[in-house]
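Contents: one structure, followed by commentary.
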Amino acid sequence: MSGANLAQVTRHYGEFARAAGFAAVRNETDYDHALALVEAILTANRDSPGREDPDHPLSGLLDLLVPAIQAYEAVHYPMPQVPPHEVLAYLMETQGLTQSELPEVGNQSVVSLVLAGKRRLNARQVAALAKRFKVSADVFLA
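Shown next, in the form of structure tokens:
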């Protein structure tokens, strides 16, 4: 990159930082501004076909902001490690499901063993539960 291009990037980055209210996600205020900007971008494009379009003019900005937000959250708001059987119990509770309503796991006695933490889920069960609850399979892996 030439010095002239770097000067132009520096000037435009400064303009972005002033307009957005932050230059990088380094503290809670920056974090709040970054979240607000991501939400504004997504809201502005909510009903447009361009919302998921990688060629959308602000798609690249989202590609920069989201990992910065995630990195900040990983340090300042770490997710606790929850055993897979507790995740399953929580998902069942939030959706009002009983043990007999989980054919993805097996019959009620198998579900009972899983929920008690006495039996681990296998790969087929994990994949089926992730699909059913629309979550990452990682939540069911210990």
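So the mapping is simple: my numbering equals the position in the sequence shown, first residue as 1, plus 2.
Virtual Cβ for every residue (Gly too), placed ideally from N, Cα, C.
What span of residues does the alpha helix (DSSP H) with residue i cover, start to end?
i, result
"N7", "5-22"
"G62", "61-78"
"A135", "Checking the sequence shown, residue 135 turns out to be Phe, not Ala. Counting along the chain, the alpha helix (DSSP H) containing F135 begins and ends at 125-135."
"D140", "Segment: none, D140 is in no alpha helix (DSSP H) and carries neither H nor E."
"L104", "L104 -> no alpha helix (DSSP H), and no H or E assigned at all."
"V113", "110-117"
"V27", "Here V27 belongs to no alpha helix (DSSP H), and DSSP marks it neither H nor E."
"L99", "Unbroken run through L99: none, as it is neither H nor E."
Give me the Cα-Cα distance between residue i and residue j, rounded to the nearest whole angstrom.
i, j, result
"V27", "D140", "27 Å"
"G98", "K120", "23 Å"
"E106", "A25", "47 Å"
"L8", "E17", "14 Å"
"Q72", "D57", "23 Å"
"S61", "E41", "13 Å"
"L93", "I43", "30 Å"
Classify residue i: buried if its beta carbon has 16 or more other beta carbons within 10 angstroms, exposed otherwise.
i, result
"Q10", "exposed"
"F67", "It should be noted that the sequence gives Leu, not Phe, for residue 67. Flag for L67 reads buried."
"H78", "exposed"
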